[in-house]
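Numbering-wise, the sequence shown is residues -27 to -1, 1 to 313 according to mature numbering (1 follows the signal peptide of the UniProt record, and there is no 0).
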Amino acid sequence: MTTRHPSRRRIVAGLALSAVASTGVLAACSDDAGTGGDADAGVLSEASVQLGWFPNVESAPIIVADENGYFADEGIDVTVEPGGPEVNSDAQIVSGNVLMGTLNSEGLANAVIAGADLVAVGAIYQTSSSAIVTLADSGIEEPADLEGRRFGTSPSDDRVYPPFFELVGVGDSQIESVNIGADPAALVSGEVDAMSGTLANQPIALEAQGHDVSTIRLGDYGYNRWSGVLVVRADSLEDETKRATIVAMLRAIAQGTADLVADPDAAAQVVVDTYGEQLGLDPDQQAASAAVWADLASGEAGEPVLLTDDGIASQQDFYDRVGLEVDAGTIFDTSVQEDL
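Okay, here's the thing in structure tokens:
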């Protein structure tokens, strides 16, 4: 396998390319699909997978699959494309710049509603990473405790928390929402009493600063948005060569996910060894985050990344709650895993 690690220059260039792709300029590019490589013969097909953000342990299953040779074992030479704030994974997939990309289940639904012919063939994290984050001495232990308090949010939370609070019987109008973004500094300073966050992000950063942290997992209250959803163009599954490549990629990523679950520290070390110097990844924080992601990565079928009827139903429930008019049974395709 030819392993291609993006330099800082390539990451910046990749962001610029993706920004152009999101405008549709690259929509006519040739599809990034394999040509039926044979690993035993030493001939690898080429394919690319788009990360949703800069490489870190959230993407450990894909990075481990690359670095530990699982893609190569399947006969694929995979280029892992970094994400970032200007990268739209759905645009990269639709344009054919990559064969597969990662989205969360809400992002997939929004892309489909906007007209993208995309489907999910697997999902790495089938337990939501979304959480309400607060300092341990705040007295906030359940959603109802937010009434009369200041709650820090990001603009993207506007679709999330009103239906969540309705679900758990909390008066949204009794909570003061403060737009603070994702930085927990406002929580530490006392500007807000709690904030929206991700289990593997703000709590880890706050604990590294010496703060005792408390979290309220939205998934514990039946609000379960998936992340690390593995998305492809629907028409790619109708092409024999592309479908075979997607099946092989799914198998390799499932093995990478199993590695993360079995040994989060080892998976974090692979990520740090590969990207740590380029991106300034802190080994201790990456290891702590990896343990959280590992806890979220067990599929409902007991197998990494596999889709189940119950899991898909949970996403339909999620879509209904946030007002996304889409059929989860259509955009989550279980046929690929039958080929595994």
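A virtual CB, placed ideally from N, CA and C, is assigned to each residue, including glycine. Note that the coordinates shown come from a computational prediction; the quantities given were computed from them, not determined experimentally.
Contact fails between the region 280 to 295 and the region 119 to 126, because fewer than three Cβ pairs, one in each stretch, are under 8 Å apart.
The beta carbon of S200 lies closer than 7 Å to those of N77, Y98, S102 in the same chain, with the five residues before and after it left out. When DSSP reads this structure, I49 sits in a beta bridge with S18. Between the region 138 to 152 and the region 205 to 221 there are fewer than three inter-stretch CB-CB distances shorter than 8 Å, so the stretches are not counted as touching.
Under the Cβ criterion (8 Å, minimum of three pairs), the region 79 to 90 counts as touching the region 295 to 313. Where L140 is concerned, the enclosing alpha helix (DSSP H) starts and stops at 134 to 140.
In the three-state scheme derived from DSSP, where H, G and I count as helix and E and B as strand, Q182 is classed as coil. In the three-state scheme derived from DSSP, where H, G and I count as helix and E and B as strand, R294 is classed as helix. Under the Cβ criterion (8 Å, minimum of three pairs), the region 220 to 238 counts as touching the region 257 to 266.
Looking at the DSSP output, M73 shares a beta bridge with V22. In this structure, the beta-carbon distance from L160 to L108 falls below 8 Å. The region 167 to 182 makes contact with the region 146 to 158; the number of CB pairs closer than 8 Å reaches 3 or more. Here P277 has A227, T230, A231 as same chain residues with Cβ atoms under 6 Å from its own Cβ, once five neighbours each way along the sequence are excluded.
In the three-state DSSP reduction, E114 falls in the coil class, being neither helix nor strand. Distance from the CA atom of A96 to the CA atom of L279, rounded to whole angstroms, is 7 Å. Beta-bridge analysis with DSSP links T171 to S103. Relative to E180, the option among D208, V243, D39, V106 whose CA is nearest is V106.
When only Cα atoms are considered, G192 and Q288 end up about 12 Å apart. Residue pairing for E54: DSSP places it in a beta bridge opposite Q23. Contact between A241 and Q259 holds, with the beta-carbon distance rounding to 5 Å and staying under 8 Å. C-alpha of E213 to C-alpha of F305: approximately 19 Å in a straight line. Between D166 and D90, the CB-CB gap reaches or exceeds 8 Å.
Scanning its chain for C-beta atoms nearer than 6 Å, with the 5 sequence neighbours on each side dropped, one finds around R294 the residues P136, in chain order. Counting other Cβ atoms within 10 Å of its Cβ, S129 stays below 16 and is therefore classed as exposed.
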